[in-house]
Amino acid sequence: MAFDKAKAVHAAEKYLTQGKIASAVQEYRRIADADPDDFTALNTLGDLYARLDKKAEAVQCFVLVADHYREQGFALKAIAIYKKVARLRPDELTVAQKLAALYEQQGLIVEARAQYLLIADACARAHQTRDALEALRRTADLDPQNAEIRLRLAEGFMREVMHDEAAEAFAEAGTRLHARNDYQGALKAFTMAHDLRPHSHAILQGLVDANIALGAMEEAASVLEAAVAQMPGDTELHAMLARVYLDAEDAPAADRAAEKLVEADQSNYPLLFEVAQLYLQQGDSHAAVRALTRAVEPALAKRQEKQLLELLNGALARDPENTEALRLLLRIYTWQRDDDRMRIALERLAEAAQAQELYEEERNALEHLVRLVPFDQSYAERLTTLNEILGADAPSADVPRTETATLPLSESAQAPPAMEEPTESALPVAEAQTPTIEAPAFGDLFEPNSVAPETFTVPSVSSATTPAPPSEFEFHAAAPLEETKPHADPSASFADLNEEFADHAAPAVAVEPTIDFTVPFERGGDDEQEIHVSSPLDASVLSGPADAATTGDERVQALLAQELESVDYYLAQGYTDIARDTLDMLERQYGARVEISDRRQRLQTAQQTASDASDATDVPPIFEMPFAPPTSAELVTATPTNGAQSKPQASPSVLDPGLAAVFDEFRSSVEEDTETSSAADYETHYNTGLAYMEMGMIDLAVEEFQTAVALVAPQDGTPRYLQCCNLLGHCFIQQNLARAAALWFQKGLAAPGHSEEEYQALRYELGTAYEQLGELDRAIDTFQEVYGIDVSYRGVADRLRELQAQKTVMSDK
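For the sequence shown, the positions run 792 to 1604 when the numbering used here is used.
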């Protein structure tokens, strides 16, 4: 016979109305077995098992439902169901892990941290220290700005010989300390990390940055020198070392490091530009040109001739007769195939060589000029004279020729052209004792299709600072072009959440506090004052006329009295959880007051009475668990229990003292965050309440909406407060708590700055609440206000007639 699901549902509902929970469980069990995808029935079945105190069966049902919601992406619904499991099995670490991940996903950092601490505490008590530290690491990730927690965590990792994890934690702490200008603390943290992982580039960089920030350039360089000595093939270390020397403006040392780096990998040639620039700033143009000689070929291959030209022009501006710079300039113009600029460069080179009596250099330049500009006879005449002089009686490299042997160049050749581009920043160069560099031959400065086929040999870069003797320049008339390096082809809303009722005071930031790694960290110092945002406002700091202050006090007293009226109603009806949450909210807004303390005493008395009579209390006629979910602080300090038998609490001595210190640091952080819960959580709590409402979990929805409304203020200029009031009223209506609903509707009406349509809706709902309470006069008055504004609003005219008829009937009786 086919299973009739509708009939089974009807039978189950009938059993529930009769209070036959066991029979209803059997029907819902049949429904769940027949339709495994009916998660609503499975959730109801779990609620019924919980009411029968069959926790294992209830947990099994809830986990199936929660896992389904989590896999489908319904995070808020999954959180709601997992919280049911956590109440039944608070020591279930798998559920705590899933809850922590979901809280983190939803941005509920405090709640996520509480779950991770719960996991860490359970692992620590089970002597699973590594798992506990891993959970604490996840907790620290939720608060990346807290360097002290990272340091505590690193110490715990070190005790467990988890060196990689400890080094990572120390490095993260050092980064945070450096960001808040505590350079001494950052140096200590990075030093600890470096001792554990000496070859980490990130840790080395942090250590170097901390030393530089403290002005200890030599220490920064020595750290990198030691690292380079251990790993000479690591190009990144060479780059870091060169950068440190550049920052220290030590041009020779930077030149050495950059030379080794470019020798290993020519793609790092831009560092030579910076070296040359530093040399130019220090007035050493010859060293700057030597650095550029090593960079010219890879730079041209990457089409970076513009930077080369700027630096070479800068060197020539300081030393116009620098032949090495002119020859590099000629190499660039040849690569660009710019005949006009080639001619100018050759003229300047010949003129400079003539001034320095470098005859071979001059003759080579003139021979190319004769081929490049054959119509200019001055070049040919000067070349003829040089050939005659440099015949059998050619002077040696060390003996300059007499003045009569030199003939001036033509006027156009003698006048060097203006610089093509303004000088920008030049770069540092090799130090005074840079090893000899094999520079490209003079003929290599020309492309294969150039007008001059002959090649010139560029002098090697000498270790001395004196100009190279003319003997170093050899002319090879028939030598083919050397293809040393290929040349590159030149053609190639929600609104911003407001603060709570009391202003949040920001703690004073200490200037460069020093952190001691051996002594436990303590928050605050002698010069710091702890400020509680929940403390009452001090009247002495308020300014204004006396009458204005009196008026404000009266308004605060009126608002407080209205709120306390709702607390009295909750206490009278036995809703201790709602009363407690409301009192917490009032204490945050208005501070510690006698009226609030009186209600707290009544609340404690009511809770004690309810606890004594819990064994004789009837089962509540709802499916949700009758108690509120624990707060974040309760989750942190909760001791796992198993069923009805409470396990004896483990002695604190079972925890390692160092690990206990880590726990203390984390717990204090959680407590601070719990006390100063940010208004940024409003949207998450509001949306969670909507999810609870959608699933019919009204008690949990009320808790979330009350948490959300505590994060906003009636006069914050947003509709958030009004929305919470409206939804809280609807939740209480569904629970047949019309009095509580009316109170929240009244609060919404009292909130200023909203549209008439919103107030109209709240008036209508308030009238409905009065009608459920049987207060016909107040209901009629409220509906008449609605009618007076809009006679056709939601059938208010018919409601008025019905209520007036009911009042007439009751009056006749």
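Positions of the beta carbon are idealized from the N, C-alpha and C atoms, including for glycine.
Contact set for residue i: own chain, Cβ-Cβ below 8 Å, skip 5 residues either direction
i, result
"A1002", "For the record, residue 1002 in the displayed sequence is Asn; it is not Ala. Hits under 8 Å: L978, M1008, E1010, A1011, V1014."
"A1542", "P1505, Q1506, Y1512, L1513, C1516"
Where the alpha helix (DSSP H) through residue i begins and ends
i, result
"S1169", "1168-1180"
"Y1381", "1367-1381"
"E883", "Neither: E883 is in no alpha helix (DSSP H) and is coded neither H nor E."
"T1559", "1547-1564"
"T1599", "1587-1603"
"T1509", "Looking at the DSSP string, T1509 is not in any alpha helix (DSSP H), and its letter there is neither H nor E."
"F948", "938-950"
"F981", "974-987"
"K846", "846-862"
"V1493", "1489-1501"
"N834", "830-842"
"R1384", "Taken as a continuous stretch (DSSP letters only), R1384 belongs to no alpha helix (DSSP H), as it is neither H nor E."
"F1574", "1567-1580"
"M1484", "1473-1485"
"K1538", "1529-1541"
"R967", "954-970"
"Q817", "812-825"
Outcome for residue i when other beta-carbon atoms lying within 10 angstroms are tallied against a minimum of 16
i, result
"A1596", "exposed"
"D1359", "exposed"
"P1043", "buried"
"K889", "buried"
"N972", "exposed"
"K1538", "buried"
"S1076", "buried"
"T1479", "buried"
"R1094", "exposed"
"T831", "exposed"
"R1585", "exposed"
"D1368", "buried"
"D955", "exposed"
"T808", "exposed"
Beta-carbon proximity of residue i to residue j, cut-off 8 Å
i, j, result
"S1351", "E1378", "The question names Ser, yet the displayed sequence has Leu at residue 1351. No."
"L968", "A938", "yes"
"T1084", "N1059", "no"
"L1063", "A1092", "no"
"Q1127", "E1096", "yes"
"T1498", "H1476", "yes"
"V901", "V876", "no"
"A957", "L987", "yes"
"T966", "G997", "yes"
"I812", "L833", "no"
"A847", "G837", "no"
"L1099", "L1121", "no"
"L1362", "R1391", "no"
"L1174", "R1134", "no"
"M953", "R929", "no"
"A825", "F794", "yes"
"M1601", "A871", "no"
"L893", "A931", "no"
"L839", "V816", "yes"
Close Cβ partners of residue i (< 7 Å) along its chain, the five nearest in sequence each way excluded
i, result
"E1040", "L1069"
"Y1036", "A1012, A1044, A1045, A1048"
"E818", "A799, A802, A803, Y806"
"L899", "D1472, T1475"
"A1156", "L1137, L1140, A1141, A1144"
"R1569", "Y1561"
"D829", "I822, A823"
"A1146", "E1112"
Cβ shell of residue i (< 6 Å), same chain only, five flanking positions each side left out
i, result
"A923", "A911, C914, A915"
"Q1395", "none"
"R1132", "Y1124"
"Q1563", "A1529"
"A1501", "M1376"
"L1553", "F1536, G1539, L1540"
"K1598", "L1567"
Inset, instruction - Please go through the segment 1089-1150 and give each complete alpha helix (DSSP H) segment of 4 or more residues, from N-terminal end onward. - result: You should have 1096-1109, 1114-1127, 1130-1146.
Legend entry - 4-residue-minimum alpha helix (DSSP H) runs that sit fully inside the segment 1004-1083, ordered along the chain: Runs of the alpha helix (DSSP H) spanning 4 or more residues and lying entirely within the segment 1004-1083 occur at 1008-1021, 1026-1038, 1042-1055, 1061-1072, in chain order.
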